[in-house]
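There are 4 protein chains.
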Amino acid sequence: MTWFENVNKIQYEGPKSKNPLAFKFYNPEEQINGQSMEEFLRFGIAYWHTFTADLSDPFGAGSAIRNWDKYDGMDRAKARVEAAFEFFEKIGAKYFCFHDVDIAPEGDSLRETYKNQDTIVALIKDHMKDSDVKLLWNTANNFTNPRFVHGAASSSNADVFAYSAAKVKKQLEIGKELGGENYVFWGGREGYETLLNTDLGLEQDNLARFFEMAVDYAKEIGFDAQFLIEPKPKEPTTHQYDFDSQSTHAFLLKYGLQDHFKLNIEANHATLAGHTFEHELRYARVNGLLGSVDANQGDPLLGWDTDEFPADIYSTTLAMYEIIKNGGLGSGGLNFDAKARRGSFDQEDLFHAHIAGMDHFAVGYKVASQLVEDKVFENIIDDRYASYKEGIGKDIVEGKADFKSLEEYALNLKEIKNKSGRLEVIKATINQYLLNAYTDK
Amino acid sequence: MTWFENVNKIQYEGPKSKNPLAFKFYNPEEQINGQSMEEFLRFGIAYWHTFTADLSDPFGAGSAIRNWDKYDGMDRAKARVEAAFEFFEKIGAKYFCFHDVDIAPEGDSLRETYKNQDTIVALIKDHMKDSDVKLLWNTANNFTNPRFVHGAASSSNADVFAYSAAKVKKQLEIGKELGGENYVFWGGREGYETLLNTDLGLEQDNLARFFEMAVDYAKEIGFDAQFLIEPKPKEPTTHQYDFDSQSTHAFLLKYGLQDHFKLNIEANHATLAGHTFEHELRYARVNGLLGSVDANQGDPLLGWDTDEFPADIYSTTLAMYEIIKNGGLGSGGLNFDAKARRGSFDQEDLFHAHIAGMDHFAVGYKVASQLVEDKVFENIIDDRYASYKEGIGKDIVEGKADFKSLEEYALNLKEIKNKSGRLEVIKATINQYLLNAYTDK
Amino acid sequence: MTWFENVNKIQYEGPKSKNPLAFKFYNPEEQINGQSMEEFLRFGIAYWHTFTADLSDPFGAGSAIRNWDKYDGMDRAKARVEAAFEFFEKIGAKYFCFHDVDIAPEGDSLRETYKNQDTIVALIKDHMKDSDVKLLWNTANNFTNPRFVHGAASSSNADVFAYSAAKVKKQLEIGKELGGENYVFWGGREGYETLLNTDLGLEQDNLARFFEMAVDYAKEIGFDAQFLIEPKPKEPTTHQYDFDSQSTHAFLLKYGLQDHFKLNIEANHATLAGHTFEHELRYARVNGLLGSVDANQGDPLLGWDTDEFPADIYSTTLAMYEIIKNGGLGSGGLNFDAKARRGSFDQEDLFHAHIAGMDHFAVGYKVASQLVEDKVFENIIDDRYASYKEGIGKDIVEGKADFKSLEEYALNLKEIKNKSGRLEVIKATINQYLLNAYTDK
Amino acid sequence: MTWFENVNKIQYEGPKSKNPLAFKFYNPEEQINGQSMEEFLRFGIAYWHTFTADLSDPFGAGSAIRNWDKYDGMDRAKARVEAAFEFFEKIGAKYFCFHDVDIAPEGDSLRETYKNQDTIVALIKDHMKDSDVKLLWNTANNFTNPRFVHGAASSSNADVFAYSAAKVKKQLEIGKELGGENYVFWGGREGYETLLNTDLGLEQDNLARFFEMAVDYAKEIGFDAQFLIEPKPKEPTTHQYDFDSQSTHAFLLKYGLQDHFKLNIEANHATLAGHTFEHELRYARVNGLLGSVDANQGDPLLGWDTDEFPADIYSTTLAMYEIIKNGGLGSGGLNFDAKARRGSFDQEDLFHAHIAGMDHFAVGYKVASQLVEDKVFENIIDDRYASYKEGIGKDIVEGKADFKSLEEYALNLKEIKNKSGRLEVIKATINQYLLNAYTDK
Ligand SMILES: [Co+2]
Ligand SMILES: [Co+2]
Ligand SMILES: [Co+2]
Ligand SMILES: [Co+2]
Ligand SMILES: [Co+2]
Ligand SMILES: [Co+2]
Ligand SMILES: [Co+2]
Ligand SMILES: [Co+2]
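Chains as they are written, first to last, in the numbering used here: chain D, 112 to 552; chain B, 112 to 552; chain C, 112 to 552; chain U, 112 to 552.
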């Protein structure tokens with residue numbers, strides 16, 4: 112059976128193509144810097160948005176039209192696996208990601224939930240055998256069920272902590288079973304609605320304890336995936352403990368967890384925290400924390416997580432610049448934690464949306480590669496910070512200066528001459544790179 | 112004497128040029144739709160940002176380095192006029208805009224202020240004779256001087272209302288003298304800091320009275336410039352009465368002023384009001400209110416008016432789309448109400464910044480023209496709203512339906528079938544237009 | 112049968128009471144200005160939040176524990192009516208509000224939906240006979256069902272326009288049947304997700320046509336309730352056409368609807384639009400548009416509609432000040448469009464939350480009354496705007512001044528002397544009023 | 112000579128006083144918990160807002176009327192010292208704070224700047240001898256002068272690093288000279304305007320190097336003040352490195368500086384970072400970082416640092432709760448980093464504004480003390496987290512649980528029972544405490 116009968120494998124047709132079911136910019140085989148686009152970009156499909164979600168919003172019931180919805184329960188879960196692998200194949204993505212509840216319905220008991228998952232995991236494993244698609248990461252959804260109303264590892268209720276632990280334990284086992292390359296922790300309800308009834312100190316301590324136990328158990332079972340924390344500042348909570356990359360860094364350093372975790376940076380979460388996507392990537396990169404990326408975008412005029420497919424080529428270019436400078440994402444990838452809009456409810460829109468996302472990251476990759484090759488930013492930086500490579504600047508960087516030597520130097524300075532930052536020229540240059548990127552095609 | 116000795120007239124060199132002092136996209140003579148770029152785009156230079164401002168911010172003294180700052184008072188004002196006309200010529204802008212206080216220093220009395228202005232206006236007029244540069248608009252700065260601390264036309268102090276009226280009267284006369292094509296009202300302090308001591312009703316009534324007097328006086332002196340209100344939601348006030356285009360529309364309708372005013376839409380003010388630039392333009396266009404544009408951009412992550420030079424070609428494209436659909440801006444233009452960044456303090460950066468702004472609007476114009484030519488959006492709209500062109504939809508639009516006929520129709524509907532909005536495809540299409548725009552050059 | 116068996120009728124016990132199921136500040140019989148609190152405050156219960164909603168959020172399934180959820184379909188709908196009237200009685204609210212879908216489940220066809228509604232409306236009517244509870248307003252939910260994915264009256268699909276009309280027609284009839292005092296239009300999806308596929312002009316014209324038809328039909332059936340539009344800037348849409356009070360005013364004036372509509376101002380919607388609650392109330396009041404109030408509050412640090420129960424006595428005080436100055440709300444009331452937090456999931460929390468809301472509005476009412484009695488703000492205003500009561504100011508207000516007379520006056524002004532706005536003193540005074548409000552009790 | 116001739120020493124007159132020049136709630140001698148209000152609250156006056164600033168804003172020249180402005184240069188600086196000590200005495204504040212440039216004008220050279228400072232410091236020291244007013248903290252303004260356009264310790268220009276070091280060195284010496292109890296670092300321009308030309312890694316390393324040198328130099332000269340970093344997320348920069356308390360914690364931990372620095376938490380900076388004031392205080396407290404407080408408030412609807420005098424008694428109550436739980440502020444204090452509004456330009460408004468701020472913190476202190484005495488929050492926490500004091504919860508906290516034991520426990524759980532968070536009751540309780548706080552006076 113086929114779930115997307117009107118869609119064939121998506122082909123690259125080039126920038127001028129008017130075929131909505133073709134790539135215009137993502138050419139999987141195109142070599143950049145000795146690697147194919149496919150290898151470097153490591154696109155991942157988010158199971159939840161693509162196969163499980165219904166496009167409901169707080170004011171509306173689901174609008175998505177999906178042909179697997181004629182089934183229910185485990186039957187639907189099985190149909191989704193089939194549809195998923197057909198989709199992976201046709202869109203040409205090599206990775207996927209899921210939460211436990213995305214792939215299999217919760218049972219009446221934890222044991223039954225496990226059983227449901229085992230059934231589906233076996234099915235997924237079968238499909239993986241016939242495919243070169245890999246598990247980028249899995250995770251436990253410890254936020255949707257009302258039992259997590261006050262948090263999971265940071266719940267005020269120890270039973271919920273225990274239940275959450277059991278759920279993560281199971282996912283670590285599944286991750287190992289499926290060869291997952293990373294494991295993600297997004298603390299959807301690890302935060303608070305109000306400080307007025309919250310023991311912030313205990314909750315953060317417990318969260319750290321939970322992470323330590325996860326590290327221990329992964330080691331125990333020999334699951335060597337990269338652990339990733341995905342920061343988000345708020346929503347659904349008022350304050351989420353993993354607010355942004357630097358806050359999460361503080362948490363890791365405080366609890367001595369920094370060697371076991373990297374970050375999964377989501378573009379829209381950056382925006383909600385008041386940062387650009389590239390800021391979060393840069394901070395993570397500079398601190399050795401850039402693990403993986405949830406590739407989406409938000410609407411800067413809206414105050415919630417819109418999880419849009421990436422459409423802004425400025426953003427994909429600057430993101431890819433950071434990723435290139437990071438030497439790639441290692442075991443991480445570009446997971447489309449993105450949903451077609453509520454108004455894009457057709458099943459075919461899943462293709463349109465992913466084609467767009469992949470194309471726009473391909474543009475970003477191509478342009479960023481060119482910027483790196485031409486050392487555009489590197490030359491700016493070299494010139495701008497040149498004063499730290501000699502004289503007093505070199506002394507500062509090498510630890511040979513102190514306030515007394517610096518004061519002496521300052522007292523004898525004739526004039527301080529700064530150089531213009533030339534931001535307008537730099538921005539215009541980026542536009543030139545974008546607009547010239549495909550001129551020779 | 113020359114004020115920009117290292118800069119020659121800026122030439123168009125094409126998309127691949129690496130000359131920072133050349134246009135890459137703005138080719139004044141390029142014909143689009145039977146008109147040159149120069150004619151259609153009607154670029155204006157903002158006197159305040161370019162010749163008067165010093166790049167200070169609330170935490171910093173001015174950083175701008177300007178060679179006319181060796182002078183003071185009226186001497187500096189005269190030097191600025193010379194520099195301005197040299198700049199207009201070299202950058203190739205055909206319009207300029209100013210506030211009264213930009214061109215001449217305030218005197219110790221209103222009479223002396225007038226006198227200073229008269230001197231400079233005569234000088235400007237002389238320069239205009241030798242040039243094809245025109246006055247896009249002028250305006251009175253009724254917000255900087257502490258006398259406007261509680262507002263100008265909406266001040267709690269009737270003396271300030273009178274003083275403000277005198278200042279606008281003078282500017283109307285100067286506008287006439289210099290052949291100004293528009294006259295702008297931006298109500299910098301026409302709003303409130305707090306409702307707790309504000310008679311909102313009286314203040315808005317007074318503001319309307321002020322506008323009526325301005326209309327009357329312009330008529331009296333035969334000054335037939337288009338009057339424009341520039342909405343902004345806040346800053347410096349907590350609430351500015353001309354919050355956004357639709358709020359200002361309410362004001363105009365309430366006071367019967369709608370035939371005498373159009374809007375001057377500023378991109379950054381749109382953002383501060385929680386709107387996109389194109390929303391404000393669209394609302395104004397659909398309601399016959401689109402008069403002129405303050406062409407800049409804000410930073411969506413910052414909560415104040417950054418007045419950046421336009422660098423986002425998405426934004427310039429969608430703006431130019433609205434302007435084309437409006438049949439151009441009439442007597443209005445694209446005024447760069449934008450400042451080089453504080454870190455771009457060199458005098459030459461004034462060129463860099465304006466080149467960038469002009470180039471990016473040229474890109475927007477070119478791409479939007481192509482979109483219009485190909486009826487990209489028009490076809491989407493035609494298809495999407497087709498149901499209003501026949502049957503029940505036609506009845507609705509033609510006023511032939513009522514709740515009873517509609518209910519009868521609805522009760523007999525088998526099924527309601529909506530079409531996908533295809534937003535992801537539309538956004539990808541815009542990217543294609545951008546990336547393909549210069550492929551044949 | 113009783114649905115709230117552990118709760119008796121809530122009594123007023125005074126400010127020091129520690130009984131969570133007692134009023135501390137709301138004393139229904141307390142006379143203020145010759146009217147009881149109960150008469151003036153006209154509290155309304157929102158059926159949706161209190162009896163229908165489950166406290167789900169975009170990341171979580173419903174957490175609410177409700178004893179009527181043991182039933183399903185029409186049985187649950189009937190149970191909810193019983194529970195509702197028991198709740199109204201016990202909490203002591205005299206009004207309630209509902210959407211069509213709150214009171215009865217949608218059927219497989221519009222006809223069946225009507226039938227379900229008829230059954231429940233008859234039941235409600237029965238309960239109303241034995242009670243002094245009245246219908247503050249009803250409305251049609253034209254946003255939840257996926258058929259409204261592209262809007263209702265502003266849908267791109269004429270069938271949806273027709274279906275929406277049928278639904279509103281039915282609600283007008285039900286409003287009449289139940290003696291509803293107002294009828295509300297909240298345009299949940301009357302706006303756009305993106306301008307890129309939106310015919311803004313047509314959509315707003317259609318919206319106006321829809322309102323005209325509603326006015327006509329109400330007249331036809333003799334339903335003389337006050338029509339109310341409830342502004343909200345965004346969510347679920349990106350831009351909602353009734354953005355705020357002033358935007359909605361523009362809409363009403365543009366389409367000549369201003370005599371038929373007032374506004375239902377919601378506190379949280381004000382915040383989302385970048386305004387204070389009191390701003391929206393003030394604008395509505397000054398323009399004769401203040402019809403009713405959705406009494407809730409938002410979290411200024413969160414970007415979505417949290418619909419919290421009013422807890423901020425500054426806000427309730429300033430709101431009640433506007434309402435008192437408006438001469439009360441006429442046929443309108445204070446509807447708690449508010450939900451207990453997701454973490455306040457017990458059925459009893461419905462009482463806690465409403466007690467809090469009623470108490471906090473009672474505080475606001477008491478303090479605002481005292482402020483009005485003492486003419487605190489009135490004296491500030493009188494003093495501050497005194498210059499408009501004589502001389503040049505009087506001329507301005509009376510239309511006897513023009514730019515020439517004002518210039519003459521300004522040229523002869525020696526000095527302009529403004530008075531301090533004294534905001535710090537005013538704010539401190541409000542705190543004094545709050546902290547002294549219950550000192551004699 | 113007297114600078115505030117119409118103002119006598121401000122006296123406490125109680126909650127009902129209508130004297131604008133009297134305290135209503137701040138009674139310095141009132142004993143709470145065995146300490147006087149004056150001792151615990153440690154109010155500080157910010158020299159810059161009170162004696163140096165002119166109430167200008169980005170769109171307006173200074174509106175402040177100050178009688179010391181008849182002088183200029185060093186004469187004005189000296190007059191300000193006199194005025195300041197008269198003000199401290201009359202308002203009854205025991206602490207003050209300054210930046211180098213607040214107290215003395217910059218000279219033409221660094222040497223001259225030092226000399227100016229030495230003159231004024233000697234004068235201040237003289238005044239301190241006759242007074243019991245102490246220096247809460249001083250700091251170097253390394254952001255106003257254009258030389259800091261690209262940062263100070265994080266400047267791209269090593270000369271600026273050196274100059275900044277010299278300025279801080281001097282302030283450390285002055286701090287020691289005047290017995291300063293703390294020393295503050297606010298990194299006004301330590302951040303970036305754009306990542307596009309920023310070496311974020313080098314800049315943060317340099318910032319850390321700068322702090323290390325400061326620590327070393329303070330030790331060398333025996334200046335044992337508490338070092339404080341004041342976080343702020345942005346403004347004037349686009350991104351400031353000390354974004355918020357947790358980000359700053361990351362910085363301190365990364366560079367091993369955590370033993371040498373605490374935080375100076377400003378309310379308005381919290382808001383700009385998307386946090387509540389109490390969140391920042393709580394995070395700092397729980398992590399041993401709460402050093403001092405900049406007591407002001409922002410406007411949540413405005414996107415810039417309004418530095419308002421504290422007027423919200425909810426905020427002062429929750430702040431004082433954190434401070435009480437911290438055991439007070441140690442060497443820190445409550446510094447009014449707040450300015451009278453631009454419209455409150457009279458010299459007397461300086462008193463009104465500070466009286467308001469002190470009164471509102473006194474209210475907060477009183478109410479918070481009562482809340483602590485009654486263990487309101489403590490009982491909520493005890494009850495809510497009770498499950499961590501026995502059984503599986505105790506095991507978790509004591510490190511005796513692991514994923515396997517927790518899974519076993521979870522598999523055998525019958526049901527998970529959460530307790531309602533009762534947020535509505537808690538908020539109502541706080542209102543009761545506020546409204547009852549002065550009922551017995
Ligand atoms: Co994500
Ligand atoms: Co997201
Ligand atoms: Co402007
Ligand atoms: Co602006
Ligand atoms: Co509402
Ligand atoms: Co709401
Ligand atoms: Co501060
Ligand atoms: Co501040």
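From the three backbone atoms N, C-alpha and C, an ideal C-beta is built for every residue, glycine too.
Identify the residues that DSSP records as bridge partners of residue i: which are they?
i, result
"isoleucine 340 (chain U)", "U:Phe296 and U:Leu374"
"tyrosine 123 (chain U)", "U:Phe134"
"glutamate 419 (chain U)", "U:Gln408"
What residue does the beta strand (DSSP E) around residue i start on, and which one ends it?
i, result
"glutamate 360 (chain D)", "Residue 360 (chain D) is actually histidine in this sequence, not glutamate. Element bounds for histidine 360 (chain D): not the beta strand (DSSP E) but the alpha helix (DSSP H), 356-365."
"lysine 245 (chain U)", "245-250"
"leucine 445 (chain B)", "445-447"
"alanine 157 (chain U)", "154-157"
What's the call for residue i, buried or exposed, on a 16-neighbour Cβ count within 10 Å?
i, result
"serine 147 (chain U)", "exposed"
"asparagine 542 (chain B)", "buried"
"methionine 112 (chain U)", "exposed"
"phenylalanine 372 (chain C)", "buried"
"glycine 290 (chain U)", "exposed"
"serine 242 (chain B)", "exposed"
"lysine 512 (chain C)", "In the sequence on display, residue 512 (chain C) carries alanine and not lysine. By the neighbour-count rule (16 or more Cβ atoms within 10 Å), alanine 512 (chain C) is buried."
Starting from residue i, find everything on chain B with Cβ-Cβ shorter than 8 Å and list it in chain order.
i, result
"methionine 324 (chain C)", "Ala512, Asp513, Phe514 and Leu517"
Using a C-beta to C-beta distance shorter than 9 Å, which residues of chain D count as neighbours of residue i?
i, result
"proline 169 (chain C)", "Ser167, Asp168, Pro169, Glu346, Pro347, Trp415 and Asp416"
At 8 Å on the CB atoms, spell out the chain D contacts of residue i, in chain order.
i, result
"valine 260 (chain C)", "Gly171, Ser174, Arg453, Gly454 and Phe456"
Taking residue i as the query, report the chain C residues whose CB atoms sit under 7 Å from its CB, ordered along the chain.
i, result
"threonine 305 (chain B)", "Leu534"
Could you tell me which chain B residues have their CB closer than 7 Å to the CB of residue i, listed as they occur along the chain?
i, result
"serine 531 (chain D)", "Gly454, Ser455, Phe456, Asp457 and Asp460"
Along chain D, which residues have their Cβ under 7 Å away from the Cβ of residue i?
i, result
"glycine 385 (chain B)", "Leu412"
Fill in: Positions along the region 447-459 of chain C whose CB lies within less than 7 Å of some CB in chain F
No chain F is present in this structure, whose protein chains are D, B, C and U.
Worksheet item: Among all residues, which have a Cβ less than 5 Å from at least one non-hydrogen atom of ligand 7, and in what chain order do they fall?
Response: U:Glu377, U:Asp405 and U:Asp448
Practice prompt. Measuring from each Cβ to the nearest heavy atom of ligand 6, keep the ones under 5 Å and list them in chain order.
Written response: C:Asn379, C:Asp416 and C:Asp418
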